[in-house]
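S.K.: Structure in structure tokens, see below.
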Amino acid sequence: MVLGSDITRYFSRPENREALEPELQAEVEFGWQNSRGTDPDEVIENIEMFLEHDAAWREDGEPLVAEFRQDAVKVEAAGAEALGSSAASEVKAWHLAFRGEWIAASEQLQEAARQVGAGGQSTRGYRGLLLYLSGVWLHLGSEDETQRARARELVRQAAAASEVRGTWLKEMPQLPGTEELSLASMDVVAVSAIVARLRGQLRPNRVNDDLKKMREALAPDESTVYEGGLTSLGSFLGAEASKPKGQGRCDSAWVWGTAIWMTVEAKSEQHADGLLPLHDIRQANTQLDQLAADHSMDHPPAGSPAVIVSDRLTVDPQHAPAANANVYLASTETIEQIAGDVSIVWSDLLTSAVGIQAEQTLRQHVRSVMTEHGCLPTQVINRLTQNRIRPGA
């Protein structure tokens, strides 16, 4: 029996099911076919029939499972071979690290990163993690500046490997002597917008009231209020945020200059008791192109995501391929968490930024506070794009 939104969402993706042994694939497919759109009482009856394993199960259940088994073919997950080949090197690395042999441990982990790299894009993020750890370990055991320089280079390689998906790297302590990681262009836009707002005619009481209204709007399930809360949230994140006019448009568009955009479609009134409708997926597919037309551009900036906010975090496997590769699902809980973090950021800035006169110092302070609370655009996008709808994209 599969119970819970996370595991249900996991098995809704074809590539995850296809990585199972054929027998397990057949059982999962049987479960999908006999629970999708089915009355809960009937699902319970089916479970009871299975547990009893009586004649009804043998006549109606087992033949169908056997039929699914005939069609099932195991397909190794992307990157599985590369991950398997690196296992021995990783184990050696951790044994060496446990004994405090940091330089040797780093060398083994660098070898593991090389092996993992054979998986291409599917293992890119994990390769970044291994490179970062190898850099930290090398720095711990370094005996001269040459080794320390190599450690810093490994950390830079980790950042390059991780890209946007590696926003965790911004939150890690820097190695001594390491140059600060440069901000992504979208983060530069956001920091500049917030600095300009802080330098303007800002009324702290008004800002605090707006923050309170934003969090209240993002808590209930009333969509019209929720839409306004989303636009307010985007604005506090340093985006040019608005509700585009016209039918079929997104509920809120967040624009960070020409660096990156994000459309947000709120389905907050839905509850976690069903599947995301195909109509919602098709609607999200077009919203970034509509936004590009608003800006007289042929297409949105590369990498721009379209996010559907809904507590229906499972998609019918038959409908998932209809989604564009840049369409994602995020929960209302994630939005609420980001809103809470944004409130903390602004509460800090309203008090701490007052005495900072130098422009560069203020920029650095805004960057630091936003990074600490996961509110740079790269971090926010990472938080909202953990669940891509389209399989294998």
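Read left to right, the sequence shown gives residues 62 to 454 (the numbering used here). Note that CB positions come from ideal geometry on N, CA and C, so glycine has one too. Note that the structure is predicted; figures quoted are calculated from it, not measured.
How is the alpha helix (DSSP H) around lysine 328 delimited, first residue to last?
M.R.: Position 267 of the sequence shown, counted from the first residue, corresponds to residue 328. No alpha helix (DSSP H) holds lysine 328; the beta strand (DSSP E) holding it covers 321-328.
S.K.: Considering only DSSP beta bridges, list what serine 303 is partnered with.
M.R.: As a working note, residue 303 is residue 242 in the sequence shown. Looking at the DSSP assignment, serine 303 forms a beta bridge with Ala314.
S.K.: Compute the Euclidean distance between the alpha carbons of serine 293 and alanine 400, then round it to the nearest angstrom.
M.R.: Taking the first residue of the sequence shown as 1, we reach residue 293 at position 232. Taking the first residue of the sequence shown as 1, we reach residue 400 at position 339. If I take the Cα positions, the gap works out to 10 Å.
S.K.: Taking 8 Å as the cut-off, does the region 266-276 touch the region 304-322 (at least 3 CB pairs, one atom from each stretch)?
M.R.: Too few Cβ pairs lie closer than 8 Å, so no.
S.K.: Let me confirm a value: glycine 196 is counted as buried when at least 16 other C-beta atoms fall within 10 Å, else exposed. Which label applies?
M.R.: Sequence index remark: in the sequence shown, residue 196 carries index 135 (1-based). Buried, since its Cβ has 16 or more Cβ neighbours within 10 Å.
S.K.: Between the Cα of alanine 141 and those of Tyr187, Ala383, Ala419, Ala257, spot the shortest distance and give me the residue it belongs to.
M.R.: As a first step, residue 141 is located in the sequence shown; it is residue number 80 there, counting from the start. Alanine 141 has its Cα closest to that of Tyr187, out of Tyr187, Ala383, Ala419, Ala257.
S.K.: With DSSP run on the structure shown, which of helix, strand or coil describes serine 167?
M.R.: Locating residue 167 in the sequence shown gives position 106, counting from the first residue. Looking at serine 167 - three-state DSSP - the assignment turns out to be helix.
S.K.: Measuring alpha carbon to alpha carbon, tell me which of Asp67, Val430, Leu64 ends up nearest asparagine 252.
M.R.: Locating residue 252 in the sequence shown gives position 191, counting from the first residue. Checking the sequence shown, residue 252 turns out to be valine, not asparagine. Considering only alpha carbons, the answer is Val430.
S.K.: Which complete beta strand (DSSP E) runs does the region 77-105 hold, if anything under 3 residues is left out?
M.R.: Listed in chain order, nothing qualifies, since the region 77-105 has no complete beta strand (DSSP E) run of 3 or more residues.
S.K.: Can you have a look at glutamate 420 and say buried or exposed, based on whether 16 or more other CB atoms are within 10 angstroms of its CB?
M.R.: The count along the sequence shown starts at 1 and reaches residue 420 at position 359. Flag for glutamate 420 reads exposed.
S.K.: Is it buried or exposed, glutamate 120, if we count other Cβ atoms within 10 angstroms and call 16 or more buried?
M.R.: Numbered from its first residue, the sequence shown carries residue 120 at position 59. Looking at its Cβ environment, which holds fewer than 16 other Cβ atoms inside 10 Å, glutamate 120 is exposed.
S.K.: How close, in whole Å, do the beta carbons of leucine 272 and tryptophan 155 come, if the pair is a contact with beta carbons under 8 Å?
M.R.: Residue numbering aside, residue 272 sits at position 211 when the sequence shown is read from its first letter. Residue numbering aside, residue 155 sits at position 94 when the sequence shown is read from its first letter. No, leucine 272 and tryptophan 155 are not in contact; Cβ-Cβ is about 44 Å, not under 8 Å.
S.K.: Going by DSSP, what residues sit across from leucine 390 in a beta bridge?
M.R.: As a working note, residue 390 is residue 329 in the sequence shown. In DSSP, leucine 390 forms a bridge with Ile369, Asn448.
S.K.: Got a sec? Which residues, its chain only, sit under 6 Å from tryptophan 163 by beta carbon, not counting five neighbours each side?
M.R.: Residue 163 sits at position 102 when you count from the first residue of the sequence shown. Answer for tryptophan 163: Trp198, Leu201, Gly202, listed in chain order.
S.K.: So isoleucine 369 and leucine 336 are in contact, right, with Cβ under 8 Å, and what is the actual spacing, rounded?
M.R.: For the purposes of this step, residue 369 is taken as the residue at position 308 of the sequence shown. For the purposes of this step, residue 336 is taken as the residue at position 275 of the sequence shown. Going by Cβ atoms, the distance from isoleucine 369 to leucine 336 rounds to 12 Å, so no, they are not a contact pair.
S.K.: Using C-beta distances below 6 Å, list every residue in its chain close to glutamine 218, excluding the 5 sequence neighbours before and after it, in chain order.
M.R.: Here the question's residue 218 lines up with position 157 in the sequence shown. Taken in chain order, the residues that qualify are Leu192.
S.K.: Which residues bound the alpha helix (DSSP H) around glutamine 348?
M.R.: By 1-based counting over the sequence shown, the position of residue 348 is 287. Note, glutamine 348: alpha helix (DSSP H), 339-355.
S.K.: Okay, do the region 126-141 and the region 74-86 touch, 3+ Cβ pairs below 8 Å being the bar?
M.R.: Enough Cβ pairs lie closer than 8 Å, so yes.
S.K.: Put lysine 135 into one of helix, strand or coil per three-state DSSP.
M.R.: Position 74 of the sequence shown, counted from the first residue, corresponds to residue 135. Coil.
S.K.: In this structure, how does DSSP classify glycine 335 when only helix, strand and coil are distinguished?
M.R.: Stepping through the sequence shown from its first residue, residue 335 is reached at position 274. If DSSP states are grouped into helix, strand and coil, glycine 335 belongs with coil.
S.K.: For alanine 173, which residues from the same chain have a beta carbon less than 7 Å from its beta carbon, with the 5 sequence-adjacent residues on both sides left out?
M.R.: Counting from one through the sequence shown, the residue named residue 173 turns up at place 112. Correct list, in chain order: Ser147, Ser150, Glu151, Ala154, Leu191.
S.K.: With burial defined as no fewer than 16 other Cβ atoms inside 10 Å of the residue's Cβ, what is the status of threonine 99: buried or exposed?
M.R.: Numbered from 1 along the sequence shown, position 38 holds the residue referred to as residue 99. When all chains shown are included, threonine 99 counts as exposed.
S.K.: Whole angstroms is fine: what's the gap from serine 365's alpha carbon to tryptophan 118's?
M.R.: Locating residue 365 in the sequence shown gives position 304, where the first residue counts as 1. Locating residue 118 in the sequence shown gives position 57, where the first residue counts as 1. Approximately 49 Å between the Cα atoms of the pair.
S.K.: Could you check whether leucine 279 and leucine 291 sit closer than 9 Å to each other, using their CB atoms as the reference points?
M.R.: Taking the first residue of the sequence shown as 1, we reach residue 291 at position 230. Taking the first residue of the sequence shown as 1, we reach residue 279 at position 218. It is a contact, given that the beta carbons lie within the stated cut-off.
S.K.: Going by alpha carbons, who is nearest to serine 246 out of Ala143, Gly318, Leu157, Ser303?
M.R.: As a first step, residue 246 is located in the sequence shown; it is residue number 185 there, counting from the start. It is Gly318.
S.K.: Could you have a look at alanine 363 and say whether DSSP puts it in helix, strand or coil?
M.R.: As a position in the sequence shown, residue 363 is number 302, starting the count at 1. It is coil, neither helix nor strand.
S.K.: Which ranges would you report for the beta strand (DSSP E) in the region 378-448 if only whole runs of at least 3 residues count?
M.R.: Segments of the beta strand (DSSP E) lying fully in the region 378-448: 388-391.
S.K.: Any contact of the region 409-426 with the region 100-108, i.e. 3+ C-beta pairs under 8 Å?
M.R.: Contact fails: fewer than three Cβ-Cβ distances are below 8 Å.
S.K.: Just to confirm, is the Cβ distance from valine 427 to isoleucine 255 under 9 Å?
M.R.: By 1-based counting over the sequence shown, the position of residue 427 is 366. By 1-based counting over the sequence shown, the position of residue 255 is 194. A contact, by the Cβ cut-off of 9 Å.
S.K.: So the alpha helix (DSSP H) methionine 275 belongs to, where does it begin and stop?
M.R.: Translated into positions along the sequence shown, residue 275 becomes position 214. 265-278 is the extent of the alpha helix (DSSP H) around methionine 275.
S.K.: Tell me the rounded alpha-carbon separation between alanine 384 and isoleucine 342.
M.R.: The residue labelled residue 384 in the question sits at position 323 within the sequence shown. The residue labelled residue 342 in the question sits at position 281 within the sequence shown. About 6 Å.
S.K.: Threonine 184 and alanine 220: beta carbons closer than 9 Å?
M.R.: By one-based count along the sequence shown, residue 184 stands at place 123. By one-based count along the sequence shown, residue 220 stands at place 159. Taking 9 Å as the Cβ cut-off, threonine 184 and alanine 220 do not qualify as a contacting pair.
S.K.: Alpha carbons only, please: which of Ile417, Ile396, Gln418 is nearest the one belonging to glycine 435?
M.R.: For the purposes of this step, residue 435 is taken as residue 374 along the sequence shown, with counting starting at 1. Of Ile417, Ile396, Gln418, the residue nearest in Cα terms is Ile396.
S.K.: What do you reckon, are the CB atoms on methionine 323 and alanine 300 nearer than 9 Å?
M.R.: Stepping through the sequence shown from its first residue, residue 323 is reached at position 262. Stepping through the sequence shown from its first residue, residue 300 is reached at position 239. Closer than 9 Å, so yes.
S.K.: For arginine 185, which three-state DSSP category applies?
M.R.: On the sequence shown, residue 185 is found 124 positions in, with the first residue counted as 1. Three-state DSSP puts arginine 185 in a helix.
S.K.: Is any non-hydrogen atom of the ligand FAD found closer than 8 Å to the C-beta of isoleucine 105, if you look at the structure I gave you?
M.R.: In terms of ligand content, the structure shown is empty, and the ligand FAD therefore cannot be addressed.
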